[in-house]
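Chemist: Before we start, here is the structure in question, set down as structure tokens.
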Amino acid sequence: MQRVDSGPRSPAGPWDILAQLPRRNLAKLPTPLLPMHQLGQELGGLALWFKRDDLISFGLGGNKVRGLELLLADALGQGADTLVTGAGPQSNHIRATAAAAAHCGLNCVAVMWGQAPESTEGNYRLTRLLGAELLFTGDPDRASVDRGILSVCQELRGQGRRPYPIPRGGACALGTLGHVLAAKELYEQCSQADFMPEAVVLATGSGGTQAGWLLGARLLGAPWRVEGFTVSRPAEAAKAEVARLATEAAALLDLDWRFEPEAVVVHDGFIGEGYGIPSPEAMAAIQRVCRAEGVLLDPTYTGKAMAGLLDTQQRGRRPYRRVVFLHTGGEPAFFAGDGEWVNLNSTVSRWKRTSDDRDGPLSSA
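Take a look at the structure:
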């Protein structure tokens, strides 16, 4: 994002600067803040509320849309004709970016690590449906995506086009500010509900979401602890990335704040076998939440974060009394793969009509 020096101006506070940044409205906000009474009772009377960013319906985008509202406005302001981003084939961010591009009449190029999947499922299917051009690096290293984004942008400029690069997962300073606004939104909702959490718990991937919530909490003077459960990289690497993004986002608000990795709370005990690979703990957490509250989590992000929260509460390690869990979305992941990771553990019966009353009620065979 480039700022234009328009001469002397009155000093503006960070919230004023944030309010003046261009945004392309994509989401219907605020998203609901809802109590999870049954699950909370199962956890010893925990006052547990979900911030339902999964209900941001644009492109089935979840909370990724928050950052895209700022990035898209910046791209349009610079006269871009193509959004270039990247991640894996089942990326929520790529799918949301492709939807945003289509909405504004822009092209979208998505750089993905590895090889093209043999089957078209989940987010990969939706991204193709939305018309994005897909390029695969052939390298399983996720860093190959970063190099690919730069290379594609250089090639497009050589063709006279105007690409706008968006880092993997939308993790950049400007995109992070979208999540600062989410923290402010939650603070206002909690104040109205007379409920202030001790912690906001979330999944940490590329780091932009947690960075925004961390910066937002500091700006607000909020009493909550922002606690992340990483779904990909080790905790120390995740902390460093969150701190970097929060520091860079603060600079966009004219704040000379430095966030240190040591002050960032991230746990890495629930990654399982790796990013995007469902774990038994996540599977159990998803089933528990689904059957207690009728709310679906996803196996890549929120399922693993919930597994971490459940473990924290059940083992009595730093148990909280009041928690907000950030539901970031990601349900299309349910429709990828063969689904064998899902332990349905439910009763299935064949029904037939009774011999006495053909038009009567059904009975179990």
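Under this note's numbering, the first residue of the sequence shown is numbered 19, with each subsequent residue one higher. Using N, Cα and C, we set each Cβ at its ideal position, and we do this for glycine too. All of these numbers come straight from a predicted model, not from anything done at the bench.
1. Specify the secondary structure class of residue 183 as computed by DSSP and reduced to three states.
2. Would you check if the segment 94-112 and the segment 170-185 touch, i.e. whether three or more CB-CB distances between them fall below 8 Å?
3. Note down, one range per segment and in chain order, each alpha helix (DSSP H) of at least 4 residues found wholly within the segment 281-348.
4. What residue from 148, 328 and 34 has the CA that sits closest to residue 117's CA?
5. Within a Cβ cutoff of 8 Å, which residues of the same chain sit near residue 292, ignoring the five residues on either side of it in sequence?
6. So residue 166 and residue 155 are in contact, right, with Cβ under 8 Å, and what is the actual spacing, rounded?
7. Name the two residues that bound the continuous alpha helix (DSSP H) containing residue 160.
8. Identify which residue in 210, 225, 237 and 161 has its Cα closest to the Cα of residue 201.
9. How far does the alpha helix (DSSP H) with residue 231 in it reach, from first residue to last?
10. With respect to the alpha helix (DSSP H) encompassing residue 110, which residues constitute its N-terminal and C-terminal limits?
11. So, is residue 168 buried or exposed, given that buried needs 16 or more other C-beta atoms within 10 angstroms?
12. Can at least three beta-carbon pairs, one atom from the segment 123-142 and one from the segment 195-212, be found at a separation below 8 Å?
13. Looking at C-alpha atoms only, which residue of 344, 340 and 315 is the closest neighbour of residue 352?
14. Just to confirm before moving on: does the CB-CB distance between residue 253 and residue 56 stay below 7 Å?
15. Taking residue 331 as the reference, which of 259, 219, 242 and 320 has the closest Cα?
16. Got a sec? Which residues, its chain only, sit under 8 Å from residue 30 by beta carbon, not counting five neighbours each side?
17. Distance, Cα to Cα, residue 265 vs residue 256?
18. Please list, in chain order, all residues of the same chain as residue 276 whose beta carbon is under 7 Å from its beta carbon, the five residues on each side excluded.
19. Three or more beta-carbon pairs under 8 Å between the segment 77-88 and the segment 131-139, yes or no?
Modeler: Checking against the coordinates, here is how it stands:
1. strand
2. yes
3. 298-311 and 320-332
4. 148
5. 250
6. 5 Å
7. Element bounds for residue 160: n/a, residue is neither H nor E.
8. 237
9. 226-238
10. 110-121
11. exposed
12. no
13. 315
14. no
15. 219
16. 38 and 272
17. 14 Å
18. 265
19. no
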